[in-house]
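Residue numbers (the working numbering), protein chains in the order written: chain A, 7 to 482; chain B, -8 to 349; chain C, 135 to 256.
Glycine included, C-beta positions come from ideal geometry on N, C-alpha and C.
This report refers to the structure that appears directly beneath it.
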């Protein structure tokens, strides 16, 4: 190979990286702008909404909260209490005990005066069978509660059992340890009720990180900022994703994921598409894509809605081991979902879904870590061969770094202007500080987990993944 | 050779790309610094405001309660009340304080009725807050107009219909909605007359709000709902079906039965459920005879109706559908058969179990 | 009257509870205010009031649970008046099932509440 061919190849590689980075940055900026515009509009519309009328009206549609639980004995009684205290009249709570090996069930029976009842289950979706059966409370104060004890089948299977049991129009699928705000249901059901000619098939809201917050009796008493950089970095990451990303996707009607931690679904459609997929670790993303695909195939006007209000608080991983395994799982979930539905990708028949959402997810979520690592390796080779023009490298690295910091700072500004949840004094300084540190602290770990996820997906597919590993939210 | 392998072609130190990226970095850095200063100021501002707000809120709450208890029977406003009003009047000049005062009044207004409720409405006007609400109606921003209308609604300000009706064709949906809520809040069924001419769909959210407001008004004269049942706007028909249920409108029986053949499935389903709520037995035979032509959803709604109004003579019909392929229909049929016939109920129990475990 | 009758009021709207406190204290009762159901239960256990006023929709522990706790766990026959929102017949029925004495639908007239309280505390 003579030098000129090598030169051409290298130029191609350089241009590829530059174009990729430019398109990525451009799309972040565009999404952020759309998000900001949409959020302002949303805040205006909701500044005078009276949610009370909806929450107390008997004409409001019925909702079932479905919460799968696996070995949650420690907090289950308190968690269920918190789910039972929602300010919405027409709802019930279905706890699916997914073959727990601990004393979750007996604790629930004791705390809520449960007795076993005969309950025929309409098996719309095939699930693992019941173990001890279905329980209801003898105390009228808890008659919203149903506890289902079934054999272990994983989170998706447990959710499917809940879908089979629910008699209500909408289902809210939630992680049992999620702290649901009292007005979450009425806020999230609003998009369904407001739509007239478009059918809303699912809706999601903002998930916040509860680490270090003081929670008492299932109520959030005090919002604190955690000490560890890992946790702080995740808070920043969630702020960026929820405030500067999702709102735009909802506007473009291209939302591909609703957090597994909390989302509201039209039950009929969720059942029609066959419920959650038990063969993927990314069931929360997969079901949305499948529901969208179904609606596109039916040629019905539909929407996946998103509202920027914080609705639910959840614990995020506080150590690197859990964090890596969570991100590893998200990566595999994304790969699996995109692969299963590759038919919609770049397919004009699926409009925005096929031409915008899918490609974005493919390139900037699925491929980004791989391309980034390839870039780092390439850079390493150049360094080894002493082929780097440091003036270029330096300028680009500084530029990329400052852009990512700027993006985080914009997210912080948006948060302060909208919900201002972190009211305590020194938190502002620490948020800004972590915006500068995050690229060095969390980002490399996320990159590592994503690569590990890819490797696990392609080389260790057969490994049985933990039964019911909890999941905070899916990346976005 | 090194020279040949440099990144992008250029031997010049001040390559435009490098210059551009340093410029961009500089701009980014500047924006970052400015935004950080802004965040700092904003957070301080919000924190201070929250503190002041809490203080004022507490002050105004006790002020309001004192006001409400210092009235007397003889005068419209007692001397103590007039004193409080003049104090508050000074505060409302400040928009920040005004907002807190309004929200304090509302916080209580929404929870109480009777003399005290009216006393709050009077206070609202006497303090001069009405002027500000009316000024909002003339604002250019739609959200300000909507808030203005809402305030007039909540404090039951009558006699400004004309001003509010100016917005009947306002381009923003939310403003038109607030206007409708105003009319219904103050004039109950008479305010619903807009349904006669409504062409845009009434969302479920709107319907719920209207129904809730109507229910607050206990002594209202119920309007004749029949014309709305004939509306060409399906959402109006659906809304009226809810009214029929809520206010037990037996009078509209004939119109309701006609709706069983409406072109919209949703209307037909809601009609069945309304007829069932009103226990109109005539409808049962019609539905029994047309059962097979109806959609699954209609069939299920009908069987749910039958659960409450079944008779012995329904047995042949039920037996006919005992082996329906749809699970829900089958189990509803079984349940009804069970309750019709207690002696044979064991038999059906066995049969139900079989179909379910099958 | 050296020993005023005690009333526990559970209500999360601060102005409303202030208003009712003023009004009922003028009638010679002693008011204990709780902002949620949990606090209400604590106050009831500690003071053993003569009457309980509770809203149904409250943070964390609902009014229904308060009734259930008083009747079933504490085995008290203290009269209980519940406040509900308009149109919540079903919940009101449930409250009566659990042993509520009376109910008032919001928005209500404070004057009427006083009349009912007096009737129950004769």
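For residue 139/A, the uninterrupted beta strand (DSSP E) segment begins and ends at 136 to 143. For a Cβ distance threshold of 7 Å, nothing in chain B lies close to residue 449/A: the least Cβ distance comes to about 18 Å. Contacts with chain B at 8 Å (Cβ-Cβ) do not include residue 98/A. The beta carbon of residue 57/B sits closer than 7 Å to those of 75, all from its chain and outside the five residues before and after it, given in chain order. Cβ-Cβ distances below 8 Å link residue 155/C to 143, 165 and 167 in the same chain, with the five nearest sequence neighbours on each side left out; the list follows chain order. If you compare the alpha carbons of 411/A, 458/A and 452/A with that of residue 442/A, the shortest gap goes to 411/A. For residue 101/B, the neighbours in chain C by C-beta distance under 9 Å run, in chain order, 147, 240 and 241.
Using a CB distance cut-off of 8 Å, residue 165/C does not count as an interface residue toward chain B. Note that the stretch 249 to 269 of chain A does not touch the stretch 121 to 140 of chain A; fewer than 3 beta-carbon pairs, one per stretch, sit closer than 8 Å.
Contacts between residue 53/B and chain C, judged by CB atoms closer than 8 Å, involve 152 in chain order. Distances from the alpha-carbon of residue 307/A to those of 359/A, 340/A, 97/A and 364/A put 359/A closest. Distance between residue 280/A and residue 333/A, taken at the CA atoms: about 27 Å.
At a Cβ-Cβ threshold of 8 Å, residue 196/A and residue 196/B count as neighbours. Among the CB atoms of chain C, one or more fall inside 8 Å of the CB of residue 147/A. In the structure shown, residue 219/A adopts coil according to DSSP, grouped into three states.
The beta strand (DSSP E) runs of length 3 or more contained entirely in the stretch 63 to 113 of chain A are, from start to end of the chain, 69 to 75 and 97 to 104.
Between residue 298/A and residue 310/A, the gap from beta carbon to beta carbon is short of 8 Å. Within 8 Å of the CB of residue 231/C, the CB atoms of chain A belong to 146, in sequence order along the chain. It is roughly 10 Å from the alpha-carbon of residue 271/B to the alpha-carbon of residue 296/B.
Of all alpha-carbon atoms in 124/B, 39/B, 316/B and 302/B, the one lying nearest the alpha-carbon of residue 290/B is that of 316/B. The beta carbon of residue 124/B sits closer than 7 Å to the beta carbons of 139, 142 and 143 from its chain, once the five residues preceding and following it are set aside; these are given in chain order. Proximity of chain A to residue 194/C at the Cβ level (cut-off 8 Å) is accounted for by 87, 88, 91, 223, 224 and 225, in chain order.
Beta bridge pairing from DSSP links residue 238/C with 217/C. In summary, residue 181/C is exposed, with fewer than 16 beta-carbon neighbours lying within 10 Å of its beta-carbon over all protein chains present. Residue environment for residue 85/A: buried (at least 16 other C-beta atoms within 10 angstroms of its C-beta). Between the C-alpha atoms of residue 117/A and residue 231/C there is a straight-line separation of about 20 Å.
Taking one beta carbon from each stretch, the stretch 169 to 182 of chain A and the stretch 62 to 77 of chain A have 3 or more pairs nearer than 8 Å; the two touch. Nearest Cα to residue 199/B within the set 175/B, 217/B and 213/B: 175/B. In the DSSP assignment, residue 221/B falls outside any beta strand (DSSP E), carrying neither H nor E.
Nearest CB-CB separation between residue 138/C and chain B: not below the 8 Å threshold. Residue 317/A: member of the beta strand (DSSP E) spanning 308 to 320, first to last residue. DSSP lists 220/A as the bridge partner or partners of residue 228/A. With a cut-off of 8 Å on Cβ pairs, the stretch 85 to 100 of chain B is in contact with the stretch 44 to 51 of chain B, counting three or more such pairs.
Contact note: residue 222/C reaches chain A through 62, 64 and 95, using a C-beta cutoff of 8 Å and chain order.
For a Cβ distance threshold of 9 Å, nothing in chain C lies close to residue 129/A: the least Cβ distance comes to about 29 Å.
Put simply, the CB of residue 246/C is near chain B, with a gap under 8 Å to one of its CB atoms.
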